[in-house]
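For the protein sequence lines, the chains are U and P, in the order given. In this text, residue positions in the first sequence follow the working numbering: the first is 40, and each later residue adds one. In this text, residue positions in the second sequence follow the working numbering: the first is 816, and each later residue adds one.
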Amino acid sequence: MTLLTGAAMALMALATAFTGPQQQREPDKDTKAMIEASYIYNIAKLVEWRDPAMRQGPFVIGVIGSANLYQELANKYANRAIGKQPIEVRKLPEMAEVDRCHILFVPVANKDLLPAILRNPNARSTLIISDCPEALAHGAVINFIAARNTIKYEISLANAEKQRIDVGLTLRQLADRVVE
Amino acid sequence: MMKHLLAIIVCALLHVAPALAQGGALAQANQKYQAGDLKGARTLVDEAIKDPELARMPDVWVLRGFVYKDLYKGAAKPEADILRDEAMASLYTAIVEDKDRKFLASSRPAYWYMAKTMYNDAVNALNAVQPEPAMAYYAKYGEALRRLAPDTATVQADIDFNNALGTVYVKLFNEDRQQYGWYDKAVAVYKRVLAMDSANYGANYNLATLYYNRGVYNIQRITPENDIPSLQQIQEASREFFTLALPYMLKAHQMRPGRAETILGLESIHYSLQDEDKSRHYRRLFEELEHDEMKQRDH
Chain U
40 MTLLTGAAMA
50 LMALATAFTG
60 PQQQREPDKD
70 TKAMIEASYI
80 YNIAKLVEWR
90 DPAMRQGPFV
100 IGVIGSANLY
110 QELANKYANR
120 AIGKQPIEVR
130 KLPEMAEVDR
140 CHILFVPVAN
150 KDLLPAILRN
160 PNARSTLIIS
170 DCPEALAHGA
180 VINFIAARNT
190 IKYEISLANA
200 EKQRIDVGLT
210 LRQLADRVVE
Chain P
816 MMKHLLAIIV
826 CALLHVAPAL
836 AQGGALAQAN
846 QKYQAGDLKG
856 ARTLVDEAIK
866 DPELARMPDV
876 WVLRGFVYKD
886 LYKGAAKPEA
896 DILRDEAMAS
906 LYTAIVEDKD
916 RKFLASSRPA
926 YWYMAKTMYN
936 DAVNALNAVQ
946 PEPAMAYYAK
956 YGEALRRLAP
966 DTATVQADID
976 FNNALGTVYV
986 KLFNEDRQQY
996 GWYDKAVAVY
1006 KRVLAMDSAN
1016 YGANYNLATL
1026 YYNRGVYNIQ
1036 RITPENDIPS
1046 LQQIQEASRE
1056 FFTLALPYML
1066 KAHQMRPGRA
1076 ETILGLESIH
1086 YSLQDEDKSR
1096 HYRRLFEELE
1106 HDEMKQRDH
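Next up, the structure:
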């Protein structure tokens, strides 16, 4: 007789999608990293760097911390180009001595680095993106924010101007908030 | 087992000696059955039921039920299913016609045994990830139970079966995420369980997981071709699924607050809903739980 008891059948039903322990969120479940990576790629297509030096060589996207965001960018977007510049995604150490990047993502956990990064000559024409509530006040050009249970972004045109970056009209129109 | 069953039928038929005297075919069928010649017994007993007088006697139906039951045990599908149907129909007729309850001690257990084999087939079909035959077998099992005992409560069995069926649909959906038919069926099955038992932990947890995974899947499918408006549309679509998942996961967590899976589930849902505070709250709960478990292990 192979009759299953009710309890045995109930156990069959318990699919386990959430298992621990997890020190770091599994990359394929990190919805925030996936959305932010897509935003970063789109932002790259909708802004222009005035500095002629930034229009040569690879298009560098630097990521401080945020292992899943780095991985998502590297896996999904590193084989693309911005204009004629092939994308290169770099994982950077958690310090203000950054490489010259077109876009640099500084997560909320490293927000204290922002002032020092902005003083760094390498970051003179860098579009800094963050996900910290006060990021625009600290010099970021674009900041990811939570709005209506989704991720949106806000832009500081003044900070873009300081970094000698032209923000396209589309990017401004689609922003949740634009700070002049 | 076989010897035991033979003894039962022999004892049963001893009570109906006059009837056997009337029906030579029946007596011969019984002899062949006792000798292990099931095919010969089947031919004779099938012949016997054509006699209107014999067909009114429970004796012939008991014998026919046992002959077909034993034939079923040695047969492969799909023939086995037909033999089982015949066995159960005969045993049921025997029980109904047995006004003096002479054969109930053997016919009723045999009927229940055959019904349980239908349940087993349903379970085996689930294990083989074949939901359609599983449902068919389970429906027949339920009908068989109710035919004999209309008041039989099958709620718990229905809950268990549907929970397991839901798991099979989820498995099929996970194999091909483009097949939303499996997803819709899984949702419907878990909702059916919750209609029977709103406090069913498995259905609450599984339904929440299903909705959550659907939301995550939408986001996983983002490609470099998605522009910002489409990215925002994807987020809104996923938000609907995360919002649907939340109450079911919360209910499962309230039912079993010490389960890591629901705490991590709530942490993940709130994370995907961009609610950092609540996500952090459940992360802390999970860490506390881990800490407690480590302490218990140390002791």
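Cβ atoms here follow ideal geometry from the backbone N, Cα and C, with glycine treated the same way.
Item, Value
"Ignoring anything shorter than 4 residues, give me the alpha helix (DSSP H) runs that lie fully in the segment 911-986 of chain P, in order along the chain.", "919-942 and 946-963"
"Among all the DSSP beta bridges, which residues are the ones paired with residue 881 of chain P?", "DSSP, once it has assigned bridges, lists no residue as partnering residue 881 of chain P."
"Alpha carbon to alpha carbon, how far is residue 160 of chain U from residue 1079 of chain P?", "43 angstroms"
"Sort P/1107, P/1066, P/1076 and P/1054 by Cα distance to residue 1090 of chain P and report the nearest one.", "P/1054"
"Taking the beta carbon of residue 956 of chain P as the centre, do at least 16 other beta carbons fall within 10 Å, making it buried, or is it exposed?", "buried"
"Could you give the first and the last residue of the continuous alpha helix (DSSP H) run that contains residue 186 of chain U?", "Counting along the chain, residue 186 of chain U falls outside any alpha helix (DSSP H), though it belongs to the beta strand (DSSP E) covering 181-186."
"In angstroms with no decimal places, state the Cα-to-Cα distance between residue 840 of chain P and residue 917 of chain P.", "21 angstroms"
"Please compile the residues from chain U whose C-beta is within a distance smaller than 7 angstroms of the C-beta of residue 1042 of chain P.", "81"
"Would you call the CB atoms of residue 119 of chain U and residue 1044 of chain P closer than 7 angstroms?", "no"
"For residue 219 of chain U and residue 1017 of chain P, I'd like the C-alpha separation in whole angstroms.", "52 angstroms"
"What residues of chain P sit near residue 67 of chain U, judged by a beta carbon separation below 9 angstroms?", "1031 and 1035"
"Whether or not the segment 858-875 of chain P and the segment 884-894 of chain P are in contact is what I'm after, with contact meaning three or more pairs of Cβ atoms, one per stretch, closer than 8 angstroms; do they touch?", "no"
"Name the one or two DSSP bridge partners that residue 195 of chain U has.", "U/218"
"Measure from the C-beta of residue 1088 of chain P to each C-beta in chain U and report whether the shortest distance is under 7 angstroms.", "yes"
"Name the DSSP beta bridge partners of residue 1107 of chain P, please?", "Looking at the DSSP assignment, residue 1107 of chain P forms no beta bridge with any residue, so it has no partner."
"In whole angstroms, what is the alpha-carbon distance linking residue 156 of chain U and residue 195 of chain U?", "17 angstroms"
"Report yes or no: is there a C-beta of chain U within less than 7 angstroms of the C-beta of residue 1039 of chain P?", "yes"
"Specify, as a first and last residue, the run of the alpha helix (DSSP H) that residue 63 of chain U falls within.", "Segment: none, residue 63 of chain U is in no alpha helix (DSSP H) and carries neither H nor E."
"My assumption, with CB atoms under 8 angstroms, is that residue 1000 of chain P sits in contact with residue 929 of chain P. Please give the rounded CB distance.", "That belief does not hold up - the Cβ atoms of residue 1000 of chain P and residue 929 of chain P are roughly 29 angstroms apart, past 8 angstroms."
"Classify residue 153 of chain U: buried if its beta carbon has 16 or more other beta carbons within 10 angstroms, exposed otherwise.", "buried"
"Please name the residues in the segment 1053-1070 of chain P whose beta-carbon is closer than 8 angstroms to at least one beta-carbon of chain U, in chain order.", "1053, 1054, 1057 and 1058"
"State the Cα-Cα distance for the pair residue 1026 of chain P and residue 991 of chain P, rounded to the nearest angstrom.", "16 angstroms"
"Do the segment 79-87 of chain U and the segment 204-212 of chain U make contact, defined as three or more Cβ pairs closer than 8 angstroms?", "yes"
"Relative to the C-alpha of residue 982 of chain P, which residue among P/946, P/880 and P/1095 is closest?", "P/946"
"For residue 119 of chain U, go through chain P and note every residue whose CB falls closer than 7 angstroms to its CB, in chain order.", "1039"
"What three-state label does DSSP hand residue 204 of chain U in the structure shown?", "strand"
"Quick one: Cα of residue 972 of chain P to Cα of residue 935 of chain P, how far?", "12 angstroms"
"Under 7 angstroms, do residue 1052 of chain P and residue 1028 of chain P count as touching if we go by C-beta distance?", "no"
"With respect to the beta strand (DSSP E) encompassing residue 130 of chain U, which residues constitute its N-terminal and C-terminal limits?", "124-131"
"Consider the Cβ of residue 1108 of chain P: report whether some Cβ of chain U lies at a distance smaller than 7 angstroms.", "no"
"Using a 10 Å radius around the Cβ and a threshold of 16 neighbouring Cβ atoms, would you call residue 133 of chain U buried or exposed?", "exposed"
"From residue 825 of chain P to residue 851 of chain P, what does the alpha carbon distance come to, in whole angstroms?", "Low local confidence applies: a pLDDT of 49 at residue 825 of chain P is under 50, so the model's placement there is unreliable, with the coordinate-based value given in what follows. About 13 angstroms."
"With H, G and I counted as helix, E and B as strand and the rest as coil, what does DSSP make of residue 137 of chain U?", "coil"
"Compute the Euclidean distance between the alpha carbons of residue 901 of chain P and residue 926 of chain P, then round it to the nearest angstrom.", "11 angstroms"
"Determine the closest residue to residue 1061 of chain P out of U/96, U/188 and U/217, with distance taken between C-alpha atoms.", "U/188"
"So, with DSSP's three-state summary, where would you put residue 87 of chain U?", "strand"
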